[in-house]
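Chains B and U are the protein sequences, given in the same order. When the letters of the first sequence are read in order and numbered with the numbering used here, they come out as residues 7 to 417. When the letters of the second sequence are read in order and numbered with the numbering used here, they come out as residues 91 to 271. The C-beta atom is built at its ideal place from N, Cα and C for all residues, glycine as well. These figures come from a predicted structure and were not determined experimentally. Some notes on the structure that comes next.
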Amino acid sequence: MGHLLANIDLTFLIASVVKIVFLTFLVILPMVAYSVYAERRFSAVIQDRVGPNRTGIPLTLFGFKKDIQILGIGGLTQPMADGIKFLLKEDFTPKSVNAFYYWLAPCLTMVPALMTCVVLPFGSELRLSDLNGLLSWVYGVIGMADLPVFSSVPVPSVIADLSVGPLYTFAIASLGVYGIVIAGWASNSKYPFLGGVRASAQMISYELSLGLSIIPVLMVFGELNLTKMSIYQDANGWLLLPLWGEGLSLARWVLWIPMGLSFCIFVVAMFAETNRLPFDMAECETELVAGYHTEYSSMKFALFFLGEYAAMIIGSGLAVTLFLGGWSIPFGPLIGLGYSAGDTPLWLGLLHIGVFLGKIVFFILFFILIRWTLPRFRFDQLMKLGWMVMFELALFNVVLTAFLMWLVPLK
Amino acid sequence: MATIFVKRPKLAWHESWFISTFAKGLKITLGHALKTFLEITGKKEKVTMEYPEQKWDDNLPEYYRGAPALVTDEQDRERCVSCQLCEFICPPKAIRITPGEIPSDDPWAKVEKRPKEFDIDMTRCIYCGMCEEVCPEQAIYLRKDYAITGESRAELMHDKAKLYQIGGKRIGLVNKWNELK
Ligand code: SF4
Ligand code: SF4
Chain B
7 MGHLLANIDL
17 TFLIASVVKI
27 VFLTFLVILP
37 MVAYSVYAER
47 RFSAVIQDRV
57 GPNRTGIPLT
67 LFGFKKDIQI
77 LGIGGLTQPM
87 ADGIKFLLKE
97 DFTPKSVNAF
107 YYWLAPCLTM
117 VPALMTCVVL
127 PFGSELRLSD
137 LNGLLSWVYG
147 VIGMADLPVF
157 SSVPVPSVIA
167 DLSVGPLYTF
177 AIASLGVYGI
187 VIAGWASNSK
197 YPFLGGVRAS
207 AQMISYELSL
217 GLSIIPVLMV
227 FGELNLTKMS
237 IYQDANGWLL
247 LPLWGEGLSL
257 ARWVLWIPMG
267 LSFCIFVVAM
277 FAETNRLPFD
287 MAECETELVA
297 GYHTEYSSMK
307 FALFFLGEYA
317 AMIIGSGLAV
327 TLFLGGWSIP
337 FGPLIGLGYS
347 AGDTPLWLGL
357 LHIGVFLGKI
367 VFFILFFILI
377 RWTLPRFRFD
387 QLMKLGWMVM
397 FELALFNVVL
407 TAFLMWLVPL
417 K
Chain U
91 MATIFVKRPK
101 LAWHESWFIS
111 TFAKGLKITL
121 GHALKTFLEI
131 TGKKEKVTME
141 YPEQKWDDNL
151 PEYYRGAPAL
161 VTDEQDRERC
171 VSCQLCEFIC
181 PPKAIRITPG
191 EIPSDDPWAK
201 VEKRPKEFDI
211 DMTRCIYCGM
221 CEEVCPEQAI
231 YLRKDYAITG
241 ESRAELMHDK
251 AKLYQIGGKR
261 IGLVNKWNEL
271 K
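Encoded structure:
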């Protein structure tokens with residue numbers, strides 16, 4: 007028994023499964039659920055309301071405390087109540103829809119959004135061999151001392167370390183628009199149809215500037231691997247905060263201008279890509295009832311909703327990785343919290359994961375704040391902004407970066 | 091000429107490019123968010139109440155318009171003479187009265203009429219106070235009950251007994267049917 011188990015690469019096996027389960031089911035999905043809650047609470051306080059602040063959990067029937075409160079913020083179980091509500095609602099399929107595509111569309115929105123997360127490096131690496139002491143103690147207690155222990159090779163905190171990270175993300179993320187277009191078309195009703203048409207036009211326009219906006223970034227890194235980008239930024243200063251390592255060179259500071267521009271374009275295009283206000287032309291409640299998901303109910307509607315938030319989280323993750331150092335701690339190398347390959351203790355690896363999630367949370371709050379600050383653009387304004395401003399700006403930015411890199415070479 | 095030409099304000103470049111306007115907008119929303127957040131977490135005095143736990147009942151003004159109800163006077167006489175003025179003025183037609191005669195051996199026989207049935211449909215009533223305003227007998231008043239709930243339509247149909255129960259006795263009103271006068 008022990009011999010058989012020893013032949014299995016325990017570290018790799020556990021790591022892969024744990025990473026997928028951890029990232030998708032324990033990080034992204036709860037984060038999606040809680041960003042809906044955050045959206046509701048944050049929008050409420052912006053509008054001087056209170057928002058969902060009490061959720062009666064069934065245990066109240068047995069005299070338990072009514073609600074879980076942290077710092078006076080109640081209603082923390084609201085996402086679960088929402089989930090249960092969506093599952094219990096009647097799942098109504100109108101007679102006139104094209105049933106196959108009608109069912110396909112919500113999946114097509116949710117799945118690509120979750121798939122893109124595999125290339126995001128959500129932490130530096132985890133040296134699980136730090137746990138070997140604990141493990142052998144446990145083995146000693148159960149009396150099987152010859153069980154395998156973790157190898158000393160650290161586990162990278164990324165599911166798939168692709169060398170074409172951003173390209174993969176864009177390729178998969180743009181599949182999300184099919185969900186919306188198909189939903190609009192399959193619903194066989196005019197408002198969803200208009201929503202779907204708008205979404206496709208909008209996506210095509212902004213995908214261009216989204217793609218173009220990261221070309222300068224790739225030029226600076228000379229690299230398409232997101233993990234290596236994070237490592238570089240950890241050692242040499244974030245792209246937008248070049249304050250340590252090589253970041254203090256003249257070249258990096260000159261490049262700060264096009265990088266800032268890139269960041270702005272990227273963020274704006276991301277808003278458009280994820281159909282968030284001020285670019286939520288596909289939903290646009292004031293004109294299109296509810297846009298592409300007008301005819302959807304219960305969990306199918308919720309899938310659209312969750313897909314939108316999942317796309318937001320992945321987009322934020324990408325922006326953080328490209329421009330804001332990914333998992334790296336600001337001034338990390340200077341205060342001894344930097345990453346060094348194979349020599350990062352486990353607690354630091356976990357801290358890096360925490361920092362990455364913290365940055366994403368910050369970004370999502372920013373998303374929400376923008377949504378409740380800016381009014382919606384008119385459709386022609388949106389198109390004009392996409393084609394006449396963003397596209398040219400992104401193109402110009404590529405040339406500018408090339409010119410500056412030629413003028414002041416890196417390194 | 092009474093025509094005024096309103097000039098469009100000329101936007102500076104940073105305004106039309108959403109830079110300063112954007113910052114201004116963020117300042118407003120964040121300011122409100124912070125203020126309300128501090129109120130919710132109890133760091134700042136709240137201007138609102140958590141309704142079912144905290145109530146404002148003690149501070150309701152005298153003129154508060156809650157549920158309409160019938161009142162009796164000091165001698166326990168039903169003040170309503172079923173003139174049906176309230177029934178006719180009620181904007182959503184929430185009141186239904188069946189007038190009844192007071193028998194001649196009753197001490198208040200000279201009042202002649204009192205309602206046999208008096209129903210107010212609380213699913214219709216809009217708490218406007220017209221009935222109170224129009225009543226020549228000071229018989230119907232809007233009380234301070236506002237949480238009128240029920241599990242069926244029938245429960246929300248306030249009949250005579252219920253109305254007198256909410257209204258109770260009201261003293262110090264004009265007693266125009268009083269023997270002493
Ligand atoms: S409540 Fe007043 S207005 Fe209405 S029927 Fe009775 S006496 Fe007339
Ligand atoms: S308060 Fe207004 S609506 Fe209600 S019963 Fe009186 S007159 Fe009718």
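With fewer than 16 other Cβ atoms from the protein chains shown falling within 10 Å of its own Cβ, W143/B counts as exposed.
In the three-state reduction of the DSSP assignment, K133/U falls in the coil class. For the C-beta of G115/U, the chain B residues within less than 8 angstroms are, from N- to C-terminus, T379 and L380. A residue is called buried once 16 or more other Cβ atoms fall within 10 Å of its Cβ, and N149/U, having fewer, is exposed. At a cut-off of 8 angstroms between C-beta atoms, H104/U does not count as an interface residue with respect to chain B. In this structure, C218/U has its beta carbon at no less than 7 angstroms from each heavy atom of ligand 1.
Residues R186, M247 and D249 of the same chain have their beta carbon placed closer than 6 angstroms to that of D209/U, with the five preceding and five following residues left out of the count. Contact between the region 91-100 of chain U and the region 231-248 of chain B is not established, with fewer than three Cβ pairs separated by less than 8 angstroms. Beta-bridge partners of V161/B (DSSP): L132/B. Less than 8 angstroms divides the Cβ of V171/U from the Cβ of V201/U. At least one CB atom of chain U sits nearer than 8 angstroms to the CB of D54/B. For V51/B, the closest Cβ of chain U is nearer than 8 angstroms. Among the residues of the region 360-390 of chain B, those with a Cβ less than 7 angstroms away from any Cβ of chain U are L375, W378, T379 and L380, in the order of the chain. Three or more beta-carbon pairs drawn from the region 278-287 of chain B and the region 371-387 of chain B are found closer than 8 angstroms, and the two stretches are therefore classed as touching.
By the rule that beta-carbons nearer than 8 angstroms mark a contact, L101/U does not touch chain B.
Those residues of the region 391-410 of chain B placed with their C-beta closer than 9 angstroms to a C-beta in chain U do not exist. 8 angstroms or more divides the Cβ of A179/B from the Cβ of P112/B. For chain U, none of the residues of the region 220-253 of chain B brings a beta carbon within less than 8 angstroms of one of its beta carbons.
Interface criterion met: the Cβ of I130/U is under 8 angstroms from a Cβ in chain B. Excluding residues up to 5 positions away in sequence, L230 lie with their Cβ nearer than 8 angstroms to the Cβ of L173/B in the same chain. Annotation: R258/B to G331/B spans about 14 angstroms, alpha carbon to alpha carbon.
Taking 8 angstroms as the cut-off, the beta carbon of F329/B is found no closer than this to the beta carbon of W250/B. Not a single C-beta of chain U is nearer than 8 angstroms to the C-beta of F329/B. Look at I261/U here: in three-state DSSP terms it is coil, with no helix or strand label. Annotation for C215/U indicates a beta carbon at 7 angstroms or more from all heavy atoms of ligand 1.
Of all residues in the region 32-49 of chain B, only F48 place a beta-carbon less than 7 angstroms from a beta-carbon of chain U. By the C-beta density criterion, S169/B is exposed, having fewer than 16 other C-beta atoms within 10 angstroms.
Those residues of the region 239-255 of chain U placed with their C-beta closer than 7 angstroms to a C-beta in chain B do not exist. Interface with chain B (8 angstroms Cβ-Cβ cutoff): A92/U is excluded. For L232/U, the secondary structure class from DSSP, reduced to helix, strand or coil, is strand. Contact annotation: M318/B and F373/B have beta-carbon atoms nearer than 8 angstroms.
When beta bridges are read from the DSSP output, H299/B appears opposite no residue.
Distance from the C-beta of I185/U to the nearest heavy atom of ligand 2 is below 7 angstroms. At a beta-carbon threshold of 9 angstroms, none of the residues of chain B lie near A229/U; the nearest stands roughly 42 angstroms away. CA-to-CA, the gap between S206/B and F277/B works out to about 15 angstroms.
Note on the region 263-295 of chain B: whole alpha helix (DSSP H) runs with a minimum of 4 residues are 291-294, in chain order.
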